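Heads up, the thing below is written out as structure tokens.
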Amino acid sequence: MNNFEIPIIIFAVLTNYLIYSTANNEFNENQSTKSEEGCGCSSVNRKSGELLENTEDSNINVDHGKYSSAANVVRKYPQTNQMGFIEGGKFMMGTDEPVFVADGEGPSREVQISDFYMDIHEVSNAEFELFVNATGHKTEAELFGDSFVFESLLSEKTKASVTESVAAAPWWLKVKDCDWKHPEGPDSDIKDRMDHPVIHVSWNDAAAYCEWSGKRLPTEAEWEYACRAGLNNRLFPWGNKLNPKNKHWINIWQGDFPAHNTGEDGFIGTSPVTEFPSNAFHLYNMVGNVWEWTADWWNVRHNTTPSVDPTGPSSGSDRVKKGGSYMCHKSYCYRYRCAARSQNTPDTSSGNLGFRCAARNLPEYLQHSP
Numbered sequence: 001m002n003n004f005e006i007p008i009i010i011f012a013v014l015t016n017y018l019i020y021s022t023a024n025n026e027f028n029e030n031q032s033t034k035s036e037e038g039c040g041c042s043s044v045n046r047k048s049g050e051l052l053e054n055t056e057d058s059n060i061n062v063d064h065g066k067y068s069s070a071a072n073v074v075r076k077y078p079q080t081n082q083m084g085f086i087e088g089g090k091f092m093m094g095t096d097e098p099v100f101v102a103d104g105e106g107p108s109r110e111v112q113i114s115d116f117y118m119d120i121h122e123v124s125n126a127e128f129e130l131f132v133n134a135t136g137h138k139t140e141a142e143l144f145g146d147s148f149v150f151e152s153l154l155s156e157k158t159k160a161s162v163t164e165s166v167a168a169a170p171w172w173l174k175v176k177d178c179d180w181k182h183p184e185g186p187d188s189d190i191k192d193r194m195d196h197p198v199i200h201v202s203w204n205d206a207a208a209y210c211e212w213s214g215k216r217l218p219t220e221a222e223w224e225y226a227c228r229a230g231l232n233n234r235l236f237p238w239g240n241k242l243n244p245k246n247k248h249w250i251n252i253w254q255g256d257f258p259a260h261n262t263g264e265d266g267f268i269g270t271s272p273v274t275e276f277p278s279n280a281f282h283l284y285n286m287v288g289n290v291w292e293w294t295a296d297w298w299n300v301r302h303n304t305t306p307s308v309d310p311t312g313p314s315s316g317s318d319r320v321k322k323g324g325s326y327m328c329h330k331s332y333c334y335r336y337r338c339a340a341r342s343q344n345t346p347d348t349s350s351g352n353l354g355f356r357c358a359a360r361n362l363p364e365y366l367q368h369s370p
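For the sequence shown, the working numbering gives the first residue as 1, with consecutive numbering after it.
As structure tokens, this is what we get:
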């Protein structure tokens, strides 16, 4: 080998390394690795080119001339739309010990949050029904004509009619005529689940409900601040122990996922929004039960400079969801932690995805509610 060939070889090696590193970084920046997919619910997105069948009938955008005031609804079920005051302050958002690095759980960074209000409970079927009755709103699941459901929750009749599943998570099935009123397909209903969280609602549906009710979706920073409830660097809203005093504090998966859920916490699917102990901010089910939409666009790179009331990127393709769900298990989808996060496209709906609202000021109609 002569002296002229050596620099050429070195240059080729460096060039290949840079190409590989760039490609690898771009992949990690935008994708969760297959080993970190968990329950697969971040894979149940609508196809990017998929359109609503009845686009002209969609009322995802709130028509203020049509929509009634949330103050004038007539209730048949106990009220669960009360909000709690969250005093602002500084906290460390994220974690320096991420479980899923590709999800953008880290790094830990200082965030200042202003005073705000947060729904004490996840939005229930009863509360969402009031919205639908007052506005005529059609959810995107209804307009698309289908939604995603975990296989074991379906009847044999419904399973027999399914023709599509999620490739990355085959236990997620696309079920025709499945929506918030028929959460496991056309042969199911919610008459005994009016106090459970509404599911099969997209980000767009959630935002429409929040606007009608004089509220909004919480930012990811607000949501995590409320979840931590003053506890610094803890896994869960109540501390680091999953089952304090050997009691269940959360609705998650027990058993072997996805084969068998023992239901040791009392539930196989969703649980009432009032179930399980609240955190120090008096908020229920901040982790487990159902994933909760936030206002932020998805991003996995975070600035470590201290910030005040961050709202995330100005645009994106997916929205952030927080809290995990009844399908989460430590061995497979350990995302029922305050710092954990995931994402879906704004038009996606599924059987483990709901929301709660926030507000800078308490809506007037709630100022004298019980």
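All residues carry an ideal CB built from backbone N, CA and C; glycine is no exception.
Quick caveat, the model's predicted, so the values are computed rather than measured.
Query	Result
Residue span of the beta strand (DSSP E) that contains residue 289, given as start and end	No beta strand (DSSP E) holds residue 289; DSSP gives it neither H nor E.
C-alpha gap between residue 141 and residue 180, whole angstroms	8 Å
Residue 408, DSSP secondary structure in three states	Nothing about residue 408 can be read from this structure; the chain reaches only from 1 to 370.
Spatially closest choice to residue 340 from 46, 101, 78 and 89, by CA coordinates	101
Own chain, CB closer than 8 Å to residue 146, minus 5 neighbours either side, in chain order	174, 175, 176, 177 and 178
When 220, 116, 257 and 296 are compared against residue 327, the one with the closest alpha-carbon	257
Three-pair Cβ contact test at 8 Å for the segment 350-362 versus the segment 105-121	yes
Nearest-angstrom Cβ-Cβ length linking residue 292 and residue 323, presumed shorter than 8 Å	5 Å
Cβ contact check for the segment 263-283 and the segment 104-111: 3 or more pairs under 8 Å	no
DSSP three-state assignment for residue 202, whether helix, strand or coil	coil
Rounded separation between residue 331 and residue 235 - CA only	16 Å
Beta-ladder partner(s) of residue 222, from DSSP	Paired residues: none, contrary to the question.
Sequence-distant residues of its chain with Cβ nearer than 6 Å to residue 311 (five each side left out)	219
For residue 246, the three-state DSSP class (helix, strand or coil)	helix
Among 93, 347 and 126, nearest to residue 192 - alpha-carbon criterion	126
Span separating the alpha-carbon of residue 188 from that of residue 156	12 Å
Completely contained alpha helix (DSSP H) runs for the segment 137-211, where each covers 4 or more residues	140-144 and 156-160
Residue 32 versus residue 335 - alpha carbon distance	Residue confidence is low: residue 32 scores 37 on pLDDT, short of 50, so the model does not pin down where it sits. No coordinate-derived value is stated.
Alpha-carbon spacing of residue 73 relative to residue 214, whole angstroms	14 Å
Through-space distance from residue 298 to residue 232, alpha-carbon basis	24 Å
Close beta carbons around residue 199, own chain, < 8 Å, minus the five adjacent residues each side	180, 183, 270, 290, 349, 350, 351, 352, 353 and 354
Cβ pair residue 279, residue 223 closer than 8 Å	no
Beta-carbon gap between residue 338 and residue 287 smaller than 8 Å	yes
Cβ-based burial, residue 42 [other Cβ within 10 Å; buried from 16]	buried
Presumed contact (8 Å Cβ cut-off) between residue 148 and residue 171, rounded CB distance	Actually they are not in contact, since the Cβ atoms of residue 148 and residue 171 sit about 10 Å apart, beyond 8 Å.
Residue range of the alpha helix (DSSP H) that includes residue 127	125-135
As assigned by DSSP and simplified to three states, the class of residue 99	coil
Residue 39 versus residue 169: straight-line alpha-carbon distance, rounded	7 Å
Assigned secondary structure, residue 87 (DSSP; H/G/I helix, E/B strand, else coil)	coil
Uninterrupted alpha helix (DSSP H) stretches inside the segment 301-333 (no shorter than 4 residues)	none
Start-to-end residues for the beta strand (DSSP E) that takes in residue 112	109-113
Residue of 226, 314 and 139 minimising C-alpha distance to residue 89	226
Exposed unless 16 or more other CB atoms sit within 10 angstroms - verdict on residue 167	exposed
Cβ separation of residue 129 and residue 197, assumed to be a contact under 8 Å, to the nearest whole Å	Contact flag wrong, Cβ pair sits at about 13 Å.
Burial state of residue 23, where buried means 16 or more other Cβ atoms lie within 10 Å	Model confidence at residue 23 stands at a pLDDT of 33, short of 50, so the residue's coordinates are unreliable; what they give is reported in the following sentence. Classification for residue 23: exposed.
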